[in-house]
Amino acid sequence: MSVRTPDPNPGWLPEFALDETRARVPILYVEAVPVRVDALGQVESIGILLRGSSTTGVMTRTLVSGRVMHGESVREALIRNLLKDLGPTAFPQLPASTVPFSVAEYFPLPGVTPLYDERQHAVALAYIVPVTGECNPRQDALELTWLTPEEAASSELLDEMEGGRGSLLKEALASVGALPR
1 MSVRTPDPNP GWLPEFALDE TRARVPILYV EAVPVRVDAL GQVESIGILL
51 RGSSTTGVMT RTLVSGRVMH GESVREALIR NLLKDLGPTA FPQLPASTVP
101 FSVAEYFPLP GVTPLYDERQ HAVALAYIVP VTGECNPRQD ALELTWLTPE
151 EAASSELLDE MEGGRGSLLK EALASVGALP R
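Read in the UniProt record's numbering, the sequence shown has 76 at position 76, and its numbers run on one by one without any break.
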């Protein structure tokens with residue numbers, strides 16, 4: 001049984017074609033680090049998802065993530081994936097600029113970079129996105145945990161994150177000045 005999020009537009013590519021494309025072409029993704037900010041825009045808490053890994057069946061921590069579909073803008077992909085994982089009442093505040101805090105590259109071979117995805121070579125545009133509403137995880141996300149920057153930067157949590165995303169989370173915290181010293 002797969003715990004992957006079902007493709008909302010199955011006409012885009014059937015599973016066999018997606019698998020073949022993943023084996024030959026890097027796939028574009030967006031990733032989002034949901035945050036709560038105070039009145040001055042300082043990060044107060046970071047939302048981390050809990051889900052079952054589709055490859056190992058093990059529970060892992062991860063970020064909001066998903067493909068950019070053919071004909072879809074980066075903004076549209078961000079909002080679709082945020083609402084897919086956090087629910088329709090999360091009320092994400094998309095950044096004014098589509099310049100990501102990082103361009104993350106996942107390789108199917110471990111050790112090339114800290115980021116790893118055995119299914120494919122993938123490139124992800126990574127964003128920090130404030131959310132103001134009630135978050136209710138959906139699809140394959142089982143839980144959303146809000147952590148302080150100190151808790152999110154703990155080596156235990158960073159090591160627990162799927163596919164090396166702990167390094168991406170650490171980079172996100174540093175990019176907004178929330179990485180504890």
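Note that the Cβ used here is the ideal one computed from N, Cα and C, for glycine as well.
As the structure is a prediction and not an experimental result, all values here were calculated from the model.
Determine the DSSP secondary structure at Ala153, reduced to helix, strand or coil.
Residue 153 sits at position 153 when you count from the first residue of the sequence shown. If DSSP states are grouped into helix, strand and coil, Ala153 belongs with coil.
Identify the continuous alpha helix (DSSP H) that holds Gly166 and give its terminal residues.
For the purposes of this step, residue 166 is taken as the residue at position 166 of the sequence shown. Gly166: member of the alpha helix (DSSP H) spanning Arg165 to Ser175, first to last residue.
Mind checking whether Gln120 and Pro108 have CB atoms under 8 Å apart?
Position 120 of the sequence shown, counted from the first residue, corresponds to residue 120. Position 108 of the sequence shown, counted from the first residue, corresponds to residue 108. Yes, the Cβ-Cβ distance between Gln120 and Pro108 is below 8 Å.
Residue burial classification, Ala39 (beta-carbon count within 10 angstroms, cutoff 16)
If you number the sequence shown from 1, residue 39 lands on position 39. Residue burial annotation: Ala39 is exposed, with fewer than 16 other C-beta atoms found within 10 angstroms of its C-beta.
Inter-residue Cα distance where the pair is Val99 and Gly177:
Reading the sequence shown from its first residue, position 99 is the one you call residue 99. Reading the sequence shown from its first residue, position 177 is the one you call residue 177. Cα to Cα, the separation comes out at about 17 Å.
Could you tell me how far apart the beta carbons of Leu78 and Tyr29 are, in whole angstroms, since I believe they sit closer than 8 Å?
Along the sequence shown, one-based indexing puts residue 78 at 78. Along the sequence shown, one-based indexing puts residue 29 at 29. Rounded to the nearest angstrom, the Cβ distance from Leu78 to Tyr29 is 11 Å, too far for a contact under 8 Å.
Out of Val123, Thr145, Thr113 and Phe16, state which residue places its alpha-carbon closest to the alpha-carbon of Val33.
Position 33 of the sequence shown, counting from 1, holds the residue named residue 33. Of the candidates Val123, Thr145, Thr113 and Phe16, the one whose C-alpha sits nearest the C-alpha of Val33 is Thr145.
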